[in-house]
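For what it's worth, my numbering labels the leading residue of the sequence shown as 481, then goes sequentially. Just so it is clear, CB atoms sit at the ideal spot from N, CA and C, and this is done for glycine as well.
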Amino acid sequence: MAARSKLIPGQPPLKEITHVPKILIVGGGYAGFYTAWKLEKWLRQGEADVTVVDPLPYMTYQPFLPEVAAGSIEPRHAVVALRRHLTKTRVITAKVTKVDHATKTATITPEVGEPWEETYDSVVMTAGAVSRTFPIPGVADEAIGLKTIEEAAAIRDKLLTNFAKAANLPAGPERDRLLTVVVVGGGFAGIEIFAELRSFATALLKNYPQISFDDTHFHLVEAMGRIMPEVSLETSYWVLKNLAQRGADVHLDTQLASAVGGVCEMAPKDGEKITVESDLIIWTAGVMANPMVKGTDFPLEARGRIRVQPDLRIVDDNGVIEGAWACGDVAAVPDLTGGGVGGMCVPNAQHAVRQGKQLAKNVVATLRGESPQDYKHENLGAVAGLGVGIGVFQSGKFAMKGFLAWGAHRGYHGLAMPSWERKLRVVGDWVGGMFLGRDIVSLDDRETPRAAFETFASRPKPPQPEEGSPQDASTTGPAYGNPADKSAADKEADKAKAEAATPNTDAAPAKKAPARKPAAKKTAPKADAPKADAPVAEPAEAPATESVKAE
481 MAARSKLIPG QPPLKEITHV PKILIVGGGY AGFYTAWKLE KWLRQGEADV
531 TVVDPLPYMT YQPFLPEVAA GSIEPRHAVV ALRRHLTKTR VITAKVTKVD
581 HATKTATITP EVGEPWEETY DSVVMTAGAV SRTFPIPGVA DEAIGLKTIE
631 EAAAIRDKLL TNFAKAANLP AGPERDRLLT VVVVGGGFAG IEIFAELRSF
681 ATALLKNYPQ ISFDDTHFHL VEAMGRIMPE VSLETSYWVL KNLAQRGADV
731 HLDTQLASAV GGVCEMAPKD GEKITVESDL IIWTAGVMAN PMVKGTDFPL
781 EARGRIRVQP DLRIVDDNGV IEGAWACGDV AAVPDLTGGG VGGMCVPNAQ
831 HAVRQGKQLA KNVVATLRGE SPQDYKHENL GAVAGLGVGI GVFQSGKFAM
881 KGFLAWGAHR GYHGLAMPSW ERKLRVVGDW VGGMFLGRDI VSLDDRETPR
931 AAFETFASRP KPPQPEEGSP QDASTTGPAY GNPADKSAAD KEADKAKAEA
981 ATPNTDAAPA KKAPARKPAA KKTAPKADAP KADAPVAEPA EAPATESVKA
1031 E
């Protein structure tokens, strides 16, 4: 709806606004959510219409995924519902499969229904990142990533289900396979999920007396010679020592060569191959820009990210592309502090959130004829949780380890979680865990929610074929009256009918049947007439169209 300007006494009337600019945000992750959230706050009524398109109806707070997998946070509490918190924004749950900025249209493809073209005046590309894998045999079939809330919940349920299965088995290869966890990747995400699951597994032992600490096996595979490059070497060594004390094995300078059938073959740079069999393989060895950017006409850099300048406007070789913006993991944003790898901002939540806020400011400034400002952010440091009561924090040369760092981890991310409603839910989970312990219920069966219903559901019987028909002879199974499934009485009746229909050659000769006079006006052919002294035997219940001739 067009907005009408207010008349100011003593001034000529302003020109009526006949067109409200349309802003399309592609992606509802960190960057997309915060861009839309701040636009709602800073835009005046009628100044622009904002639309967010994402395949998921929520934004996932990814720093909480390791704690979700370890049972410390309820999965639903680690996500932010877009429709609940973006009340002034049009939210579309669908995929954007194409962006043609030359015509300023985007192709929206819903899960159900026909695709349609959405027009816009400005587009914001915030499609995020996905797990990046390598063509290692078995990884695509056996491993699971850690980028979505569904993956974190599935990891938790898998670990709990495997403990329950292993508790019923004697010592052996199958039991070892169920109690072995392999994590690939020694960055922040890999170390956090590895340490959190080690902590969770240790806590589970009191509920499974059949399983001892030595029965559980945790392996982390890292191709580099160190872990957690975001922190100092001293801090990373402390983490390695802590993990070793907790019974975890970290394989540095080692690559995963194969994971076919859950058999993980690890190839160290020096030494023989190490083989372990696992039912839970977690891949955290890198991310890449969402491949949907290949369906746009925007320029991409070598790593597949959209090229932007420091003010977050998309650029090509000819300069700024008007009405096109990008930030977050999908964009190559120059790091003006000089601390980024290759001169670009590291793709993490800290940058994505702040870039989204700056982009929203720049969009509003552009609409009002002002100049956009460059994005510049000094890294606040890195903080990680390594299980209940253990963490690390690094900011410059200052490092903190142990319980205080764990408290800093929870405090920082608890405050960073959008909205007080989400904050309170997460803090409630933490408080409940302190006094009641972690929930150890597995909901693994939710992958097949109708299985229990289908098992006991009554179904209509299929139509029965007529007795003696070809369908009767060819069909089998209880539903079709398989002879093997008949009652004893039915079998006896069938046997009696068969004996009656078959002449008994061992019995005494039958008496001659009295000659029958032919029916009136009907004369049987001579060739077919029976001899006068030949007995005629007629089977019981013989069909009317057949006759049996006795020799």
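Output the boundary residues of the alpha helix (DSSP H) element that contains residue i.
| i | result |
| --- | --- |
| Ile673 | 668-684 |
| Glu527 | Neither: Glu527 is in no alpha helix (DSSP H) and is coded neither H nor E. |
| Ala737 | Segment 734-738 is the beta strand (DSSP E) holding Ala737; no alpha helix (DSSP H) there. |
| Ala647 | Ala647 -> no alpha helix (DSSP H), and no H or E assigned at all. |
| Asp621 | 619-622 |
If you draw a straight line from the alpha carbon of residue i to that of residue j, how long is it in whole angstroms?
| i | j | result |
| --- | --- | --- |
| Glu594 | Arg902 | 34 Å |
| Glu850 | Val843 | 9 Å |
| Leu723 | Phe698 | 10 Å |
| Val813 | Val592 | 35 Å |
| Asp529 | Ala632 | 35 Å |
| Pro945 | Ser938 | 21 Å |
| Glu927 | Arg636 | 13 Å |
| Thr438 | Val795 | Summary: the structure shown does not reach residue 438, with the chain confined to residues 481 through 1031, and so no result is reported for it. |
| Thr498 | Arg930 | 53 Å |
| Ala932 | Pro590 | 30 Å |
| Asp854 | Leu792 | 7 Å |
| Thr776 | Asp580 | 6 Å |
| Val467 | Gln874 | No statement about residue 467 is possible, as the shown extent of the chain runs from 481 to 1031 and does not include it. |
| Thr846 | Glu745 | 55 Å |
| Ala964 | Lys638 | Because the pLDDT at Ala964 is just 45, under 50, the model does not fix this residue reliably, and the point stays unresolved. |
| Lys753 | Lys881 | 34 Å |
| Leu562 | Val533 | 10 Å |
| Val500 | Asp815 | 34 Å |
| Asn828 | Asp729 | 27 Å |
| Glu858 | Leu677 | 32 Å |
| Thr430 | Ser922 | Residue 430 falls outside the range modelled here, since the chain spans only 481 to 1031, and no answer is possible. |
| Glu757 | Val576 | 40 Å |
| Pro537 | Trp900 | 19 Å |
| Gly822 | Ala782 | 12 Å |
| Leu904 | Phe544 | 14 Å |
| Gly742 | Ala885 | 35 Å |
| Pro940 | Glu947 | 20 Å |
| Val548 | Leu684 | 15 Å |
| Ala769 | Thr567 | 28 Å |
| Trp805 | Gln725 | 48 Å |
| Val767 | Gln838 | 24 Å |
| Gly751 | Arg785 | 37 Å |
| Gly665 | Ala675 | 13 Å |
| Ser602 | Phe513 | 16 Å |
| Leu916 | Gly908 | 11 Å |
At what residues does the beta strand (DSSP E) containing residue i begin and finish?
| i | result |
| --- | --- |
| Arg655 | That residue, Arg655, is in no beta strand (DSSP E); its alpha helix (DSSP H) goes 653-658. |
| Gly803 | 799-806 |
| Asp580 | 575-580 |
| Met746 | 743-748 |
| Asp796 | 793-796 |
Between residue i and residue j, which are expected to be in contact by the criterion C-beta below 8 Å, what is the C-beta distance as a whole number of angstroms?
| i | j | result |
| --- | --- | --- |
| Gly887 | Val906 | Actually they are not in contact, since the Cβ atoms of Gly887 and Val906 sit about 15 Å apart, beyond 8 Å. |
| Asn687 | Asp759 | 19 Å between Cβ atoms; not a contact. |
| Gly509 | Asp919 | Incorrect: roughly 27 Å between the Cβ atoms, too far for contact. |
| Gln830 | Leu860 | 7 Å |
| Ile761 | Glu622 | 5 Å |
| Thr531 | Arg570 | 4 Å |
| Thr477 | Thr585 | For residue 477 there is no data in the structure shown, the boundaries of the chain being 481 and 1031. |
| Thr764 | Ile673 | 6 Å |
| Val740 | Pro617 | 5 Å |
| Val868 | Met605 | Rounded, the Cβ-Cβ distance is 38 Å, inconsistent with contact. |
What does residue i pair with, by DSSP beta-bridge criteria?
| i | result |
| --- | --- |
| Arg787 | Ala812 |
| Ala769 | Ala609 |
| Leu780 | Ile786 |
| Trp517 | BP columns for Trp517 are empty, so no partner. |
| Ala1036 | Here the chain covers residues 481 to 1031 and nothing more, so residue 1036 does not appear. |
| Ala511 | Ala511 is not bridged to any residue. |
| Thr589 | Lys575 |
| Ala829 | Answer is none; Ala829 lacks a bridge partner. |
| Trp596 | Ile588 |
| Glu1033 | Lying before the first or after the last residue shown, residue 1033 is absent from the chain, which here runs from 481 to 1031. |
| Val500 | According to DSSP, Val500 bridges with nothing at all. |
| Trp522 | Answer is none; Trp522 lacks a bridge partner. |
| Val821 | Val821 pairs with nothing; no bridge assigned. |
Secondary structure, beta strand (DSSP E): runs of 3+ residues fully inside the segment 837-921: 862-865, 871-875, 878-881
Entirely enclosed alpha helix (DSSP H) segments - the segment 529-572, minimum 4 residues: 545-549, 562-565
Residue ranges of each beta strand (DSSP E) within the segment 679-732, 3 or longer: 697-701, 728-731
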